[in-house]
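Numbering (this note's numbering), first residue to last: 15 to 305.
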Ligand SMILES: [Fe+2]
Ligand SMILES: [Fe+2]
């Protein structure tokens, strides 16, 4: 049986913050994702969640770092650095989307409101929400890297931002989970599973509802509304390329006994990414070689 002391996170895993900047000198084309209203809206809506969302993740995990074993403590540190840089880059990306004509304020307010829902609950609830959302992020990241079609028509610099983020999400995909295992190491198994499952169902519902509403709002700003907007967005999300459909199986594994994010070792995607990045795009120095 898996315990907090025998974690399946690979012993030789390296969580390496890459301090990169994207698109600071150029304007972002409004329909940067292949000229498609729904593709652009889908990714812009997701990007809107990152600056505040990832700050929340960091805060939720760091609340449990005291007393963590040294390996986990180092991973939390590297995770914190990665998420801080992601927040910075998506903040810059969101400003560029705003400069291209979108009003993201409604979406941002929604994110703030959602995150505020756990503020009066025990910190373990925020950690559970983070762990669930980090699984969500990691399986989205996997799908994004595994199938080049998702970003094939996107603006190259913007696509680079999303790939870079996806790589680091895979690298640190188990940090919140291992922190959760550590924090709940004395809980009975069923109590652990019950909270984990409940929170996953809750955040999934909110994620799908909020991102869909957010994308529809952005499509409205492009003049696409009503049934047409719904049909185009749902087709994009569920059918072609169908990102939500493609992650459904990986999502369901979260509920299985013995689940751990590294049961799926997808580091071949990271190696493929490193091999594809041109030397000029590599950071001059890596921020911190963590573990
Ligand atoms: Fe991130
Ligand atoms: Fe993350």
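The beta-carbon is built from N, C-alpha and C at its ideal position, and this holds for glycine as well.
* Asked: Which of helix, strand or coil does DSSP assign to residue 186?
  -> Along the chain shown, one-based indexing puts residue 186 at 172. If DSSP states are grouped into helix, strand and coil, residue 186 belongs with coil.
* Taking the alpha-carbon positions, what's the residue 63 to residue 81 distance? -> If you number the chain shown from 1, residue 63 lands on position 49. If you number the chain shown from 1, residue 81 lands on position 67. So the alpha carbons of these two residues sit roughly 30 Å apart.
* Look at the alpha carbon of residue 197 and the alpha carbon of residue 208, and state the distance between them as a whole number of angstroms. => Taking the chain shown and counting its residues from 1, one reaches residue 197 at position 183. Taking the chain shown and counting its residues from 1, one reaches residue 208 at position 194. The alpha-carbon atoms of residue 197 and residue 208 are separated by roughly 15 Å.
* To do: Apply the 10 Å Cβ neighbour rule to residue 192 and answer buried if 16 or more other Cβ atoms are within range, or exposed otherwise.
  => Locating residue 192 in the chain shown gives position 178, counting from the first residue. Buried: at least 16 other Cβ atoms inside 10 Å.
* Which listed residue (289, 279, 290, 286) has its alpha carbon closest to that of residue 152 -> Reading the chain shown from its first residue, position 138 is the one you call residue 152. Considering only alpha carbons, the answer is 279.
* If you draw a straight line from the C-alpha of residue 149 to the C-alpha of residue 109, how long is it? -> Counting from 1 along the chain shown, the entry for residue 149 is found at position 135. Counting from 1 along the chain shown, the entry for residue 109 is found at position 95. Whole-angstrom Cα-Cα distance: 27 Å.
* Can you name the start and end residues of the alpha helix (DSSP H) that residue 58 belongs to? -> Taking the first residue of the chain shown as position 1, residue 58 is located at position 44. Its alpha helix (DSSP H) spans residues 51-76.
* Count the C-beta pairs between the stretch 55-75 and the stretch 223-235 that are closer than 8 Å, then say yes if the count reaches three, no if not. => yes
* Whole-angstrom C-beta distance between residue 42 and residue 51, which should lie under 8 Å -> Within the chain shown, the letter at position 37 stands for residue 51. Within the chain shown, the letter at position 28 stands for residue 42. 15 Å between Cβ atoms; not a contact.
* **residue 18, DSSP secondary structure in three states** => Your numbering for residue 18 matches position 4 in the chain shown. In this prediction, residue 18 has a pLDDT of 45, which is less than 50 and means its spatial position is unreliable; nothing more can be read from the coordinates.
* Under 9 Å, do residue 284 and residue 160 count as touching if we go by C-beta distance? -> The residue given as residue 284 occupies position 270 in the chain shown. The residue given as residue 160 occupies position 146 in the chain shown. Against a cut-off of 9 Å, the Cβ pair of residue 160 and residue 284 comes out as no contact.
* To do: Note down the Cα distance separating residue 202 from residue 138, rounded to an integer number of angstroms.
  => Counting from one through the chain shown, the residue named residue 202 turns up at place 188. Counting from one through the chain shown, the residue named residue 138 turns up at place 124. When rounded, the distance between both Cα atoms is 15 Å.
* Boundaries (first-last residue) of the alpha helix (DSSP H) holding residue 263 -> Indexing the chain shown from 1 puts residue 263 at position 249. It spans 257-267 - the alpha helix (DSSP H) in which residue 263 sits, taken as one unbroken run.
* To do: Would you kindly work out how many angstroms separate the C-alpha atoms of residue 233 and residue 84, rounded to a whole number?
  => Reading the chain shown from its first residue, position 219 is the one you call residue 233. Reading the chain shown from its first residue, position 70 is the one you call residue 84. Looking at the two C-alpha atoms, the distance is approximately 47 Å.
* If you check the beta carbons only, do residue 96 and residue 171 fall under 9 Å apart? -> Counting from 1 along the chain shown, the entry for residue 96 is found at position 82. Counting from 1 along the chain shown, the entry for residue 171 is found at position 157. No. Outside cutoff.
* Asked: For residue 247, which residues from the same chain have a beta carbon less than 8 Å from its beta carbon, with the 5 sequence-adjacent residues on both sides left out?
  -> What you label residue 247 is simply residue 233 of the chain shown in a count that begins at 1. Excluding sequence neighbours, residue 247 sits near 52, 55, 56, 226, 229, 230, 233.
* Asked: Under a Cβ-count criterion, where at least 16 other Cβ atoms within 10 Å of its own Cβ denotes burial, should residue 249 be classed as buried or exposed?
  -> Numbered from 1 along the chain shown, position 235 holds the residue referred to as residue 249. Residue 249 comes out exposed.
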